[in-house]
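Position one of the sequence shown corresponds to residue 1 (my numbering), numbered consecutively onward.
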Amino acid sequence: MVETGALLGMAAVGLGMVLTPGPNMIYLVSRTVTQGRRAGIVSLTGVALGFLIYLVATNLGLSVLFVAVPELYAVVRLAGAGYLAWLAWNALRPGGISVFAPQEVAPDPPRRLFAMGLTTSLLNPKIAIMYLSVIPQFIDIDAGRTMAQGFVLGAVQVIVSVTVNLAIVLAAGTIAVFLARRPAWLRTQRYVMGAVLGGLAVTLAADTRTAAPVG
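Structure, rendered in structure tokens:
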């Protein structure tokens, strides 16, 4: 139903996006470092549910709504750009703290960890763009069953993202200890992440493309 080339292309795009610092990565790393791997894994389940909600909503007509009302898509896009800009400022501002720097915070219960992971995922503009603009480019209209193709391609992204994020959660504690012994590296990591987030915010704000329909 879906060609191998489309599956591999979707996997490559999903891998590139999940490896780019963003809200999901920042939340998962910070929560794992401050509360442990179990907390990071619970948070990841919330993030994964956010992926599935976007996938189902898009295939059931969310992208059609955005195509019909492009102003609504512009609002979502600009809101996402603003969120990324805020994250970039927190990383680059004087006195900013790296996500890998241990902090004294009150532990959150599993229900809140799950809810925060879900909220962070739903507010992640990278995921919105993935489902609304990128996935439709891999759908073969002539092959028919476009909705089923959308679900399959989205499932590839979910599997890639969850797998990579799980690896990040499992490695976050080790990376935090490594960077804690090297303050200069910790500062560099913060500046690089802030610069990447800022660049993404500018790119997203300047992108005038409209959402592509799925279904």
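Even for Gly, the Cβ is constructed at its ideal location relative to N, Cα and C.
Checklist entry - Which stretch, first to last residue, makes up the alpha helix (DSSP H) that contains Gln35? => result 23 to 35
Checklist entry - Does DSSP put Asn124 in a helix, in a strand, or in coil? => result coil
Next on the checklist: Please classify Leu8 as buried or exposed, where buried requires at least 16 other C-beta atoms within 10 Å of its C-beta.
Outcome noted: exposed
Checklist entry - Which whole-angstrom value describes the C-beta separation of Gly154 and Gly46, a residue pair presumed to lie in contact below a C-beta threshold of 8 Å? => result The Cβ separation is near 18 Å, so there is no contact.
Item to check | Residue burial classification, Thr34 (beta-carbon count within 10 angstroms, cutoff 16) | outcome: buried
Item to check | Beta carbon of Val164 nearer than 8 Å to that of Leu15 | outcome: yes
Checklist entry - Taking buried to mean at least 16 other C-beta atoms within 10 Å of its own C-beta, is Val2 buried or exposed? => result buried
Item to check | Given Gly50 as reference, the closest of Asp108, Gly5, Gln157 once Cα atoms are compared | outcome: Gln157
Checklist entry - So what's Glu3 in DSSP terms, helix, strand or just coil? => result coil
Checklist entry - From Ala167, Ile127, Ile175, pick the residue whose C-alpha is nearest to that of Leu55; which is it? => result Ile127
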